[in-house]
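Participant: Pasting in a structure now, in structure tokens, and then I'll have a few things to ask.
Protein chains in written order, with the working numbering: chain A, 12 to 258; chain D, 83 to 172.
Okay, here's the thing in structure tokens:
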């Protein structure tokens, strides 16, 4: 049941055709896990909090550094050397005190991933490295949890939505390819765009509205200001989602 | 066969900022080799010492993945091949 305060706060989105109070209730009941609260995680968390997603769990092992501040907009100069999850949770609680923020300062590993995503309705990939992205993808498939991928480099970004058992997964795109973990170039407006696309997909999924970015890899090339879609098919031999039983 | 290769902007510095390049070839591999002939600086980025496409790149023909065996995929006149670098930042 939405309070009168919530009805007033979310009035403009409740007005959207197909959204309504019922949609707002869905957002309020939702539990979202955001892996990483940096460049991508910041806009994802900000817009999901503003939209009234009821429980947002953020996980990140890092502390805030000066060099983060060109893009990780949840963190300010006064937060340097503080844990990112503490910095982010404080801002998100100020943005929307009517939702619950769960913060976990931890490195995501194969040992703790099951516990971290437990009870989550979906997983948002806001990581900065491929091995953890593959781990999240694999866990999402095993636990049948929708997975919302995003990645950035310079002025370019990509996004894709994965519905386990139904659509192509991240490994169907990259086939286990690896690149060295290294400092990558990026300007804040790129993760802002991609993070907002991920947040949009999350909201659409929770509401059951529109067509999701499934079986399609969306590429954003900001220098040409061009969006391009690439068709991605499920790989029956995919090491993470392929299964003779047709999982 | 005339095939357009489209590169993401990330790769433009290796092709004098040309991102849409006309190439000749009957397979993706032949077209990529023609790309390398036109812009030699891109060779070490895309291909290993045996001339195979590095795994950190994906190839799409007319918007569809060419994986696996991308290099031997046939192409026809007017096709568009996108070469995409794997990105992982967040």
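Here a beta-carbon is modelled for each residue, glycine too, at the ideal position from N, C-alpha and C. Keep in mind it's a predicted model, so treat the numbers as computed, not measured.
1. Establish whether the CB of residue 137/D and some CB of chain A are separated by less than 8 Å.
2. What does the alpha-carbon distance come out to for the pair residue 91/D and residue 113/D?
3. May I ask you to report which of helix, strand or coil DSSP gives residue 162/A?
4. With distances taken from CA atoms, which of 166/D, 121/D, 85/D and 145/D is nearest residue 100/D?
5. Is residue 197/A a contact residue of the ligand MN, with contact defined as CB to any heavy atom under 7 Å?
6. Between which two residues does the beta strand (DSSP E) harbouring residue 77/A extend?
7. Would residue 209/A and residue 161/A be called neighbours here (beta carbons separated by less than 8 Å)?
8. Taking any Cβ of chain A, which residues in the segment 118 to 146 of chain D have a Cβ under 8 Å from it, in chain order?
9. Quick one: measure Cβ to Cβ for residue 138/A and residue 46/A, integer angstroms, because I've assumed they're closer than 8 Å.
10. Between residue 265/A and the rest of its own chain, which residues show a CB-CB distance below 6 Å, the 5 nearest in sequence each way excluded?
11. In chain D, what lies closer than 7 Å to residue 204/A by C-beta?
12. Can you confirm whether residue 87/D, when its beta carbon is compared against all beta carbons of chain A, has any partner nearer than 8 Å?
13. Examine the Cβ distances between the segment 125 to 135 of chain D and the segment 231 to 238 of chain A and report whether three or more of them are shorter than 8 Å.
14. Using 8 Å as the threshold, is the segment 85 to 99 of chain A in touch with the segment 235 to 245 of chain A, meaning 3 or more CB pairs across them?
Facilitator: Short version:
1. Yes, because at least one Cβ of chain A sits closer than 8 Å to the Cβ of residue 137/D.
2. Answer to the nearest angstrom: the Cα atoms are 19 Å apart.
3. Residue 162/A falls in the strand class under three-state DSSP.
4. Here the closest residue by C-alpha is 121/D.
5. This structure lacks the ligand MN; in fact it carries no ligand of any kind.
6. Here residue 77/A belongs to no beta strand (DSSP E), and DSSP marks it neither H nor E.
7. In contact: residue 209/A and residue 161/A (Cβ atoms closer than 8 Å).
8. Residues 137, 138, 140, 142, 145 and 146.
9. Their Cβ separation, rounded to whole angstroms, is 5 Å, which keeps residue 138/A and residue 46/A in contact under 8 Å.
10. The displayed coordinates of chain A run from 12 to 258. Any statement about residue 265/A would go beyond what the structure contains.
11. Listed along chain D, no residue sits closer than 7 Å to residue 204/A by beta-carbon distance, the nearest being about 13 Å off.
12. Look at residue 87/D: its C-beta is not under 8 Å from any C-beta on chain A.
13. Judged by Cβ distances under 8 Å, the segment 125 to 135 of chain D makes no contact with the segment 231 to 238 of chain A, as fewer than three pairs qualify.
14. Output reads no: the segment 235 to 245 of chain A does not touch the segment 85 to 99 of chain A.
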